[in-house]
Every structure is written in structure tokens, then in C-alpha cells.
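In order, the protein sequence lines correspond to chains H and U.
Quick note: the first sequence uses our numbering, first residue -15, plus one each step.
Quick note: the second sequence uses our numbering, first residue 16, plus one each step.
The next block holds one structure in the form of C-alpha cells; read it before the comments.
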Amino acid sequence: MSSVPAAPRRAPLLRPRDCVVGGVSVGLARHLGWDVATVRWLFVATTLLGGAGVLFYAWLWPTVPLEEPVTDAGPQLASVRHRVPLRWVGVVACLVAALVLLLSWERTGGVASGLLFTLAVLLAAVGVFGPWAIRLWRELLAERTKRVREEERAEMAAHLHDSVLQTLALIQNRAGASSEVARIARAQERELREWLYAGAGVADSDLATDLKDYAASLELDHPVRFDVVAVGSSTERSSGELAAAAREAMLNAARHAGGDVSVYIEGSSTGVDLFIRDRGPGFDTSRVPEHRLGVRESIIGRMRRAGGSATVGRGAGGTGTEVHLHFDASRRDES
Amino acid sequence: MSEALTVVVVDDHSIFRSGLRADLDDTVDVVGEAGDVESAIAAVIAHGPQVVLLDVHLPGGQGGGGAEVIRRAAPAAPRTRFLALSVSDSAEDVVGVIRAGARGYITKGSSGAEVSRAIATVAGGDAVFSPRLAGFVLDAFGAAAGEQAQTDEELDRLSAREREVMRLIARGYSYKEVAAELFISIKTVETHVSAVLRKLQLSSRHELTAWALERRLL
């Protein structure tokens, strides 16, 4: 705080979070600049004088504030850690008290000691089962909240499915596949559906999810309709070269062909195959001028450098273009 | 096509029904409409159409939607074929109606011409597979992982040829293009697709249902 301490300043009276019993001794020692052991012995000594030490300790415990938590030490240090298991000490104390009351029953036997005995046993039971019961209760509560939220979500999804999604489908249907209105409706539909069905989880960005997102954004800017189909399990990262080449091919299809474009991803144990197929005017790699780097560099060159392969050719029946990207599973790690 | 195909349109949104009706070309003759499960069953039995365009999600009945219509109406109208029409392409919905007996499915975003074509295909006894459905089939039968049927009778796996056809359809090829690519006739492609549809309907493959339940979206 103050950078130039004129006189040695006293540390504020605070209890540390990592403490033996209550942190009172350490806090007091730091504040007074004494040795911790001295303070502790003083407490013990004064306790012998009619229990004054214990009383003083018990009074300081709740009144002296705790240190600020060290934020970067992780959440487990935000709470207080007692080196002495206070809970079990309390339980043992209660049981001892109950035992003492039981043994001296004949001498003192009365309503008061009966009540005290019950109280001691109850406190011991709370000490043993309390934390467990609290945790159980919390879990139950969290479970219930989660279920209610899930139900609400399902209900809302059903409602939106029956209303908004139908309307969006109708708009696309009536407006013609490549009109701007249809494109916007389709993008909205996709977004809404993702939100409705993807659920709260799965924030994983695998290749298929990534390309679906990319397709949705392309549909907004170009008169194109993507159909992305993913098959098998793909462990391909969305940041990889394959994804970059696929995006380039999809962008080309959106720009130069438009209309319906199919994207097919097939992942297997031996590798990943990716097909992007449009029905545009077609495209001949050998006739592409030297300065047009799109296909040559971004797709074919990129795949070759990454250890995969890419072929660009005419689609089936000689219409449109089909780009085929392939990656061997064994080479995937090297890229 | 000399005579128009008779069709009943079942969808709980009247606005969608009328829109679709206006969009279908003149190879299709809409003879009836229905908006819920009970009236759909009644309409199918009353008109006995060649094809029923059936929404997957329908109110009424026992809550079974389109699949319930097929199960209850099909015995009374053996010549009628069902084409599922869905706003969603979630596996649960699609596989549910296919296994109930639908001959194919298309999404509601399809144009009038596409729907008309699909109706003609289904009326001709063939199956309508979208790329997405083909992708689902490849996954559900473990074809992507390299599983292959040893005999034609096997229901739980695809044959090598069926797998090829499904892969091409998933890549966006039409039946005609698949035929050209594989050097087989369109009729053979249609036979393969119908065989796959049959497997999809009859297979007890565990993954089929588990997959559909687990991943709610294709």
C-alpha cells in the first residue's frame, strides 16, 4: 500500500485463511510482532487462570476479520482451511460430555442433565452427518433445478418447432430457393434449430460443426444452399489444413456456382474424405490463369503440403464441379 | 405421365397445406387434406390416394404423429404409399416414420417441383432418400466404419454396392447421376435404394435406435 514506510507499520489484525484452529494466535502474533509460540503459550497460561484465555480466544475468533482470499490460488483456498479437524474435535467433545453425564447419572439424575445428555448426543450426530446431509440436499436441489429447466426447454422447443420453424420453412418454400428472403429465412431456421436441439452441452468444434457454421454464414452472403452431411467419427480439428481447404472450396462454390451445394464428410479409422459438389457452370483446373491462386494454392497446394491430397474435377454427368479432399489418418498428426 | 397422381396432404398448418397445394405441378392431383391424426386416417381410408404427403409432427390421436397415421391407416389402404414431410431432419423423427412404413422423406424447405418429383418416385414404388438420410443410414449400419454384409439376406449391414450408392447420394448425386457414376442402370440404383429402405425398416440393429435417441440431430 504505502511504498515508503517511515516507521515499521503494524500489520492489520486479521486471521489467516490457512490456520490451525481459528487463526487467532497467528493473527495476533503478526499484529503485535511477537512470536506465534509466545502468543499460544500465553493463551494456555491464561486459560489456567479461571479460563480467561479460552474466553479471550473465543471472543477474538468471531470478531477478528479474515484475510482477503488469495484469488489466484484457486477456489479451494477461498474457503478457510483448519489444520485441526474442528468437526471431529467437536464430535468427540460432545460424546465425552454425553458419557460423563451418563456415568454421573445416579448422582445428578434429573431433568436438566437428561436434556443436556440429549443435546450432546444430537450435536455429535449433527457433527457426523451434517455435512453429508447438506451435500445430499444440495445435490437434490441442483438436480431438481436442472430437470425443471430441461422440461421448460423441451416445451419451448416443441412450441417453436410447431410455429416459427414451420413459418420459416414456408417462407423459404414460397420465396424460391435462391431469393434473399429465402436465404435469410434459412439462416434463421438453422440458427434456431441449432439452439433448440444442440442443448446446453457440446461446445466441441469438430470439423462437421465448423463447416456447418461456415455454410450458414456463406448462405447469408451468396445465393446458395448448402447441405452438409457428416458420417462416421471425425477427430479432425476444425483448425486444421483440411478445414481450411474445405472452406476455400465452399467459398468457391458459393461464389461461382451458387444453387444447391452438397458437402459430405466421411471420417473413418483410415482417414477423412471430404466432397464438395456444386451444380454450377463447371471449372477446368488446366485452364485457370496463373494469377488465379484460389484453387491451385488454397486447395490443392495446401492439401499437398499438409500430406493429404485434393482433386478438382467435373461433377457427375459433367455438370458442376466436385472437389475431393482426402487425409490419411496416419499423416494427420504431422501437419 | 398420362394421369395425375392422387395425393392426400396431411399437415396441421392450413397455410402450409394451401401453399404446398399451389406449388405442386399438374402431375399431382390433391384429392384431400387433413390436419390431425384422426382426420388424416379418415381421409386416407376415404380417398385411397396413391401417395400421402405426411407431416411427421401431428396433433391428435395417441400422440404418435405421422408414424401413428401410417400404422393405423396402412392396413386399410394397402395400395397407398407414404412420403414423410418434415420441417426437421432430426434422426428420431425421420427414422420413426420410415420404420413405421414411409417410403421416404423430404424437408419442408423443398420446392414444389422437388416435392412433385418425390411424389412420382414414391408412387412408382421407389424410395426417396435425401443426402441426410443416406448419411444417417451409413452411420447407423456401421458402413462408415467399414462393416459390410456377407449375404443379401442380411438385414443389419449394407452390401458393398448399397454402401457405394448411399455414399453417392450423401454426396448430393441424383439417382441418374449415381447410375452414370457406377455404370449401372437407374433401375438398379432404385433397387439398391429400396433394399436399403427395407433394411432400415426391418433391421433390429441396436445402433439404429440408440443412435437416433442419442444424437437428436443429424
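Here a beta-carbon is modelled for each residue, glycine too, at the ideal position from N, C-alpha and C.
- Here Ser253 (chain H) is exposed: its Cβ has fewer than 16 other Cβ atoms, across all protein chains shown, within 10 Å.
- Distance between Glu196 (chain U) and Leu217 (chain U), taken at the CA atoms: about 29 Å.
- Inter-residue distance for Gly98 (chain H) and Val4 (chain H) is about 34 Å (C-alpha atoms, whole angstroms).
- Contacts between Ala153 (chain H) and chain U, judged by CB atoms closer than 8 Å, involve Phe31, Val102, Thr122, Lys123, Gly124 in chain order.
- In chain order, Val143 place their CB closer than 6 Å to the CB of Thr136 (chain U), counting only its own chain and leaving out the 5 sequence neighbours on each side.
- Your pair Ser246 (chain H) and Asp211 (chain H) checks out as a contact, with CB atoms roughly 5 Å apart and the cut at 8 Å.
- Leu170 (chain U) and Val208 (chain U) have their C-alpha atoms some 14 Å from each other.
- Rounded to whole angstroms, the gap between the alpha carbons of Leu69 (chain U) and Val211 (chain U) is 21 Å.
- With a threshold of 16 other beta carbon atoms within 10 Å, His143 (chain H) falls short and is exposed.
- According to the DSSP assignment, Phe259 (chain H) belongs to the beta strand (DSSP E) that extends over 255 to 261.
- Legend: CB atoms of the stretch 182 to 197 of chain U lying less than 9 Å from CB atoms of chain H belong to residues Arg182, Leu183, Ala185, Arg186, Gly187, Tyr188, Ser189, Lys191, Glu192, Val193, Ala195, Glu196.
- If you draw a straight line from the Cα of Val109 (chain U) to the Cα of Leu148 (chain U), it is about 8 Å long.
- Following the DSSP letters along the chain, one finds His207 (chain U) inside the alpha helix (DSSP H) bounded by residues 201 to 217.
- Listed along chain H, the residues sitting closer than 7 Å to His28 (chain U) by beta-carbon distance are Gln150.
- Note that the C-beta distance between Ala290 (chain H) and Glu225 (chain H) is below 8 Å.
- Residues of chain H with a Cβ closer than 8 Å to the Cβ of Leu153 (chain U) are, in chain order, Val215, Gly216, Glu250.
- Below the 8 Å Cβ cutoff, chain H contributes Asp211, Val213 as neighbours of Arg147 (chain U), in chain order.
- For the stretch 65 to 92 of chain U, the beta-carbon criterion of a distance under 8 Å to any beta-carbon of chain H is satisfied by His72.
- Below 8 Å, too few C-beta pairs join the stretch 67 to 77 of chain H and the stretch 45 to 54 of chain H to call them touching: fewer than three.
- Along the stretch 33 to 64 of chain U, the positions whose C-beta sits under 8 Å from a C-beta of chain H are Gly34, Leu35, Asp38, read in chain order.
- Collapsing the DSSP output to three states places Arg172 (chain U) in coil.
- Around Phe259 (chain H), the beta-carbon contacts reaching into chain U at under 7 Å are Arg186.
- Contacts between Asp146 (chain H) and chain U, judged by CB atoms closer than 8 Å, involve Asp27, His72 in chain order.
- For His15 (chain H), the uninterrupted alpha helix (DSSP H) segment begins and ends at 8 to 16.
- When rounded, the separation of the alpha-carbon atoms in Thr122 (chain U) and Leu153 (chain U) is 19 Å.
- Across the structure, Gly216 (chain H) and Leu173 (chain U) are spaced so that their CA atoms are roughly 15 Å apart.
- Taken residue by residue, none of the stretch 226 to 237 of chain H has a beta-carbon sitting less than 7 Å from a beta-carbon on chain U.
- Contacts between Ser246 (chain H) and chain U, judged by CB atoms closer than 9 Å, involve Pro146, Ala185, Arg186, Gly187, Tyr188 in chain order.
- The CB of Arg158 (chain H) comes closer than 7 Å to the CB of Gly34 in chain U, given here in chain order.
- One Cα belongs to Ser147 (chain H), the other to Ala200 (chain H), and the distance between them is close to 22 Å.
- The alpha helix (DSSP H) runs of length 4 or more contained entirely in the stretch 64 to 114 of chain U are, from start to end of the chain, 80 to 88.
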